[in-house]
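Quick notes on the structure that follows.
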Amino acid sequence: MEGQVIWFFGRPCAGKTSLANSVKNEMLARGVKTISFDGDELRKGINKDLGFSIADRQENIRRAAELAALFARKGYWVVCSFVTPTKEIREMVDQIIGRALLMVFVSTPLEVCMARDTKGHYKRAQAGELANFTGITSPFEEPLHIALSIDCGKFSLEEATQVCSDHLLKLTD
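Per the numbering used here, the sequence shown runs over residues 362 to 534.
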């Protein structure tokens, strides 16, 4: 089976990681060789030398996309969860990964993301205490055209997982 990269992106606290993990577990349960990459996890290791400037965000995503493409070429389904804030950065991901890429926009509204923020990052950014926070002090550009968009403020995790899994399984038919 050919590999696939499922790239979940959206604002902080949109539900990207929860949805990505749930989809990964669903794919594993169906016998699909699957691995996942998460922005927070990679920043603890391979990307720990990067900050949150636009240039560092771009490099963070470039490294993740290169890893995802490598695993996809080896036949893995790679489930990624990264903010991926700008059109330019998303285009770079597309250029690196190519036809194996499926971008999923987790389109949860900003108000819902802010209400979910258990770490207080949104409040700190609004108070000027946290620089380069996506959607507040650093840009987040909503995509104009996307194959799959899911609002995790409207759907339960189980419902969102089902929508994604159904879409992904169509790719293997």
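Every residue gets a Cβ at the ideal spot worked out from N, C-alpha and C, and that includes glycine. Predicted model, so just to flag it, every value in this text is computed and none were measured.
| query | result |
| --- | --- |
| Per DSSP, cross-strand counterpart(s) of residue 511 | 467 |
| Coil, strand or helix - residue 526 by DSSP | helix |
| Where the alpha helix (DSSP H) containing residue 378 begins and where it ends | 377-390 |
| Through-space distance from residue 389 to residue 517, alpha-carbon basis | 20 angstroms |
| CA-to-CA distance, residue 395 to residue 519, given in whole angstroms | 19 angstroms |
| Through-space distance from residue 365 to residue 463, alpha-carbon basis | 8 angstroms |
| Buried versus exposed call for residue 502 [16 or more other C-beta atoms within 10 Å across all chains shown] | exposed |
| CB contact flag (residue 369, residue 442, <8 angstroms) | yes |
| Meets three-Cβ-pair contact criterion under 8 angstroms: the region 473-486 and the region 398-407 | no |
| Start-to-end residues for the alpha helix (DSSP H) that takes in residue 399 | Element bounds for residue 399: not the alpha helix (DSSP H) but the beta strand (DSSP E), 395-399. |
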